[in-house]
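**Student:** Chains as they are written, first to last, in our numbering: chain A, 1 to 135; chain B, 1001 to 1310.
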Amino acid sequence: MRVKLKSGPDQRKFIERIEELSGENVFACYQCGRCSAGCPMASEMDLLPNQIIRMVQMGLDEEVLRSKTLYLCASCFTCESRCPKGIDMARVMEAVRHVLDPKGQDAFGPCELTPELARELPQQVLVSVFRKFAK
Amino acid sequence: MKLHYYPGCTLKDKTTGLDISTREAMKRLDVELVEPDGWTCCGAEYPLTGEKIAGLAAPIRVLRQVRDEGGDIVVTTCSFCYSVLKRSNKALRDDPVKRKRINAFLRDDIQIDPLTKERTTGFADYNGEVQVLHLLEYLRDRVGFPRVRERIKRDLGMLPVAAYYGCRLLRPKEEMGFDEPDSPHLFEEFLEAVGCAAVDYPFKQECCGSYLAVSMPDAATEASYRVLRSAKMNGARAITVTCPLCFYNLDHRQETIKTAYLDFAGLPVLFFTQLLAWALGVDKALLGLGDHKVPADALFVERPAPEVRT
Ligand code: SF4
Ligand code: SF4
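#1: By the 10 Å Cβ neighbour count, where 16 or more other Cβ atoms means buried, how is S1183/B classified, buried or exposed?
#2: Could you please give me the residues that DSSP links to V1161/B through a beta bridge?
#3: Determine which residues of the region 81-107 of chain A have a Cβ less than 7 angstroms from any Cβ of chain B, and write them out in chain order.
#4: Beta carbons nearer than 9 angstroms to chain B: which residues of the region 41-65 of chain A have them?
#5: Roughly how many angstroms separate the alpha carbons of W1278/B and R1154/B, rounded to a whole number?
#6: Taking the beta strand (DSSP E) that F1123/B falls in, what are its first and last residues?
#7: Note down, in chain order, each residue of its chain lying with its Cβ closer than 7 angstroms to the Cβ of A42/A, except the 5 sequence neighbours on either side.
#8: Distance, Cα to Cα, R1312/B vs R1151/B?
#9: Does at least one heavy atom of ligand 1 sit under 7 angstroms from the Cβ of R1099/B?
#10: List, in chain order, every chain A residue whose beta-carbon is nearer than 7 angstroms to that of Y1082/B.
#11: How about V125/A: is its C-beta nearer than 8 angstroms to some C-beta of chain B?
#12: Given this structure, state the Cα-to-Cα distance separating Y1165/B from C1243/B, to the nearest angstrom.
#13: Inspect the beta-carbon positions of A1219/B and E112/A and report whether they are closer than 8 angstroms.
#14: Using a Cβ cut-off of 8 angstroms (strictly closer), state whether V129/A contacts chain B.
#15: K1232/B lies in the alpha helix (DSSP H); which residues open and close that run?
#16: Specify, as a first and last residue, the run of the beta strand (DSSP E) that L1133/B falls within.
#17: State the CB to CB distance for the pair Y1046/B and S1083/B, rounded to an integer number of angstroms; the pair is presumed to be in contact (CB under 8 angstroms).
#18: Quick check: A107/A and L1048/B, are their CB atoms within less than 8 angstroms of each other?
#19: List, in chain order, every chain B residue whose beta-carbon is nearer than 7 angstroms to that of F133/A.
#20: G1235/B and P1160/B - do their beta-carbons sit closer together than 8 angstroms?
#21: Please list, in chain order, the chain B residues whose beta carbon lies closer than 8 angstroms to that of A28/A.
#22: Going along chain A, which residues have a C-beta under 9 angstroms from K1173/B?
#23: Whole angstroms are fine: how far does the CA of D1108/B sit from the CA of I87/A?
#24: Under 8 angstroms by Cβ, that's how I've got R34/A and P84/A pegged, so tell me the actual separation to the nearest angstrom.
#25: Report the rounded CA-to-CA distance for R97/A versus E1032/B, giving the unit in angstroms.
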C-alpha cells in the first residue's frame, strides 16, 4: 500500500499519546505479522493489526483513526499471546479508540439496538459493547 | 463448607441455568455458595488504557466485600467476570500507583444498611488479599477431580463433548494464568472427570466473536460458525462453555449461523456445570435447560453410574 509520510509535532504527539494510553512500546514491533496471522477478525479488517501498529509508528494518525479495524477488534488477546515482542495489540486498539473519544459520536450506542434485541441480549454483552464503542 | 461465589449480572437474568446448575452441583460436593453482600456488576471489561482507572472501582468493591466477610477465595463461572476480577485483583497487587489511587477513592464509600439505615464508611484498603478462582480451577485444585469422580451418580456414557475455552479464560496469559493459551487441557480434564469423552479440535481457544455479535453481527456469525463446525467435524455431540456470551453466540445465534452456512446442521451448547450437576445426580428440572434455543434435553439420558469407579 502507498502512504504519504508526514512528520511534525502532531505526529509525534499522536505516537506519544498512544504509547502513554496503551502502556505499550509501539516501536518494539518488528512487523513479523503474527498478530494478524492469528486474528479471528482479520478477514473483515481494512487494516490488519500489524498494519495498524506500523502506521502508528509512522504517525499516520488520520489513516489509523479512519480504520474500520478499530471496531472489529474483539479484544480476544490472541495477538497478545502470540506476539514475540510482548505487545498487546488490544491495548493499542483501545488507545486509538480513546484518542477518538472526545471527537466523534458513539461508534455503537444504545440507539442502535432494536427493542427485541435489547430484550434478548445477555447483560454482559451490553455492558461490554458500550464500554468498548460508546462514549 | 461455605465458599464465596460471584455470579455476575447475566446469571441472575438471561442465563439462570448457569447459576442454578452451579449451585446444585456444588451442594452435591458439600460446598455452600454464598454471594458477597451488595455485589454489583463487575463492569464486564477490564480497562485496557491507563486512564480508565475508574473501571477498577466496581470489581475491587466486590473483592473488598469478600475480604471483609472473611473470605479468602471467590469463585466465579462467567469468563468475563473471571477476567475482570482476576485482572483487577492482580493490578492492585502489582501496581502501587493503581492501588493508591483506587483505595483513595474507595475508602470513603458509604454503605447504608437497607433495614437499620446504619451508615458505614472508612473502608480498609484493599491490597489484593482475596484469591480469584474460576470454578474449574476450584474443582481441580481444591475439590480435586478424583473426589468429583467418587461422587458421580449418573453415567454420561462417554458422551463426546467439545470443551470451548474462548478468549477470556486463557488470555492475557501472564495475568490469567488459567492454562496454556495455545494448548489448554483443564476443561478436558474436567469433562473426563464427569464421564464425558473430551473431543480435541483446533478451534477451542478461538474467539466466538464476543461483543461483536451486537455491533458487527456478520463477523461474529462467521467466527461462531468456525468454532461450531470445527467441534462438530471432530465428532462432538455437544459443545460446553463457561461464558454467558459464548452461550449466546453459539446457542441463541445458531439459527442465524445455520441460515448463513448451510453445511452446518446444528450442535447443542451446554454450560459445563449442567454436565457436572447431572453427573452428580441433580434433577433434570434443576439444570436450567429452559434457556436453550438448541434443544439439549435428549443428551441427558438416565443411566446410573457403575458401582465401582476408578
Ligand atoms: S506480533 Fe507483535 S511484533 Fe509481530 S507484527 Fe504483531 S505487534 Fe508487531
Ligand atoms: S485482540 Fe483484536 S486484534 Fe488481537 S487477535 Fe483479537 S480481534 Fe484481532
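The beta carbon of each residue, even a glycine, is placed where N, CA and C say it ideally should be.
**Tutor:** The short version:
#1: Taking all protein chains shown into account, S1183/B has fewer than 16 neighbouring C-beta atoms within 10 Å of its C-beta and is therefore exposed.
#2: V1161/B is bridged by DSSP to A1198/B and A1238/B.
#3: Under the 7 angstroms Cβ criterion, the region 81-107 of chain A contributes S81, D88, A90, R91, E94, A95 and H98.
#4: Legend: CB atoms of the region 41-65 of chain A lying less than 9 angstroms from CB atoms of chain B belong to residues M41, S43 and E44.
#5: Distance between the alpha carbons of W1278/B and R1154/B is about 7 angstroms.
#6: It is not in any beta strand (DSSP E) - F1123/B carries neither H nor E in the DSSP assignment.
#7: So the qualifying residues of the chain are S36 and L48.
#8: Look at the range of chain B in this structure, 1001 to 1310, and you will see that residue 1312/B is not part of it.
#9: No; taking the cut-off as 7 angstroms, the Cβ of R1099/B has no heavy atom of ligand 1 nearer than that.
#10: Within chain A, no C-beta atom comes nearer than 7 angstroms to that of Y1082/B; the closest sits roughly 12 angstroms away.
#11: Under the Cβ distance rule, V125/A counts among the residues neighbouring chain B, one pair being separated by less than 8 angstroms.
#12: The alpha-carbon atoms of Y1165/B and C1243/B are separated by roughly 9 angstroms.
#13: Not in contact: A1219/B and E112/A (Cβ atoms no closer than 8 angstroms).
#14: Answer yes: the Cβ-Cβ gap between V129/A and chain B drops below 8 angstroms somewhere.
#15: P1217 to M1233 is the extent of the alpha helix (DSSP H) around K1232/B.
#16: Q1131 to H1134 is the extent of the beta strand (DSSP E) around L1133/B.
#17: Sure, about 6 angstroms apart at Cβ, within 8 angstroms.
#18: By the CB criterion at 8 angstroms, A107/A and L1048/B fall outside the cutoff.
#19: The contacting residues are S1215.
#20: The answer is yes: Cβ separation under 8 angstroms.
#21: Chain order gives no chain B residues near A28/A, where near means a beta carbon separation below 8 angstroms; the closest approach is about 16 angstroms.
#22: The contacting residues are F77, E80 and S81.
#23: Here the C-alpha atom of I87/A lies approximately 36 angstroms from the C-alpha atom of D1108/B.
#24: Right, their Cβ atoms sit about 7 angstroms apart.
#25: For R97/A and E1032/B, the distance between alpha carbons rounds to 43 angstroms.
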